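S.K.: Input: one structure, supplied below.
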Amino acid sequence: MRTEVVSEPGTPDRPNEDFAGVGLPASGQGGCVIVLDGVTPPQGGTGCLHSVPWFTARLGGALTELTVSARDLTLQEILARAIRRTADAHSGTCDLSHPRTPQATVVLTRWSDDTLEYLVLSDSALLLESPDGTVTAVLDDRLDRVPRAHLISDAIADATVRNKEGGFFTAAADPSAAARAVTGSLPRHRVRALAALTDGATRWTEKFREGDWAALFAVVRKDGARALVERVRELESADREERTFLRRSKTHDDATVVYAEL
1 MRTEVVSEPG
11 TPDRPNEDFA
21 GVGLPASGQG
31 GCVIVLDGVT
41 PPQGGTGCLH
51 SVPWFTARLG
61 GALTELTVSA
71 RDLTLQEILA
81 RAIRRTADAH
91 SGTCDLSHPR
101 TPQATVVLTR
111 WSDDTLEYLV
121 LSDSALLLES
131 PDGTVTAVLD
141 DRLDRVPRAH
151 LISDAIADAT
161 VRNKEGGFFT
171 AAADPSAAAR
181 AVTGSLPRHR
191 VRALAALTDG
201 ATRWTEKFRE
211 GDWAALFAVV
221 RKDGARALVE
231 RVRELESADR
241 EERTFLRRSK
251 THDDATVVYA
261 EL
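Counting in this note's numbering, the sequence shown runs from 1 upward without gaps.
Structure below.
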């Protein structure tokens, strides 16, 4: 198995809020990939003493351990347990009911000799390549379907659609969010490679329209994960002044790509 992991902060003066992990059980059978995109909070506090990187490190570590060791659990059960474990680590000091308590998007995939399972929650992406080269995107598109009127301010979004029915969900402090994830499974022989990406990397397709998901996957497979991130940075810098792509809250975002050939 070949893997490649690239994770780069949006700017050097801010910590990277993404998490990336690859797990290979000691049995030598199967493996897993975990990618989290920590949600940058607005000004005004989160009710929590801890940073977003603290949260993603805790949640990502729990997901890695459980996905590798607890093969009797479904991915939704693993995510729910990891959320609970992380919440318990700071429930005594922090207000976990705050709508901006630290939270993250999730891509989680696990495979054995026979089966590949996947889970996607919120706007990170999982791309699966079949042996014939077809690329399938596994996406949770609920955020894209939220009416723009609900996203015109952080306060309105938090009150109406963030982690609410009819809106979108992230992994925060409520384990029940795991049940909202997009999940599925495929025979292992139907997937020869995969890529998990945070939305800082998927901008190449979703914001700048440089190519479809198959074209993005081809860049990663042929030129490498870092090449994709570098191309995104070039596009972001070129668009810094014109801001043609208006639905871009940051000039540069944390960008993470994990590529695995199974």
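The beta carbon of each residue, even a glycine, is placed where N, CA and C say it ideally should be.
For clarity, every value in this text was computed on a predicted model and none was experimentally measured.
(1) Would you tell me roughly how many angstroms separate the C-alpha atoms of ALA214 and MET1, rounded to the nearest one?
(2) Taking Cβ positions, are VAL107 and SER130 nearer each other than 9 angstroms?
(3) What does the alpha-carbon distance come out to for the pair TYR259 and ALA20?
(4) Would DSSP call GLU4 helix, strand or coil?
(5) I'd like to confirm the pairing. Which residues does DSSP put opposite VAL138 in its beta bridges?
(6) On the three-state DSSP scale, how would you describe PRO175?
(7) Could you check where the alpha helix (DSSP H) with THR109 kicks off and where it finishes?
(8) Within 10 angstroms of its Cβ, does ARG148 collect 16 or more other Cβ (buried), or is it exposed?
(9) Any idea which residues DSSP pairs ASP37 with across the strands?
(10) Mapping DSSP to helix, strand and coil, what is VAL146?
(11) Could you say which of VAL138, SER91, VAL229 lies nearest to CYS48 if we only look at CA atoms?
(12) Specify the secondary structure class of ARG71 as computed by DSSP and reduced to three states.
M.R.: In this structure, then:
(1) 21 angstroms
(2) no
(3) 11 angstroms
(4) strand
(5) LEU126
(6) helix
(7) Boundaries around THR109 are those of the beta strand (DSSP E), 104 to 111, since no alpha helix (DSSP H) includes it.
(8) exposed
(9) ASP18, THR105
(10) coil
(11) SER91
(12) ARG71: coil per DSSP, three-state reduction.
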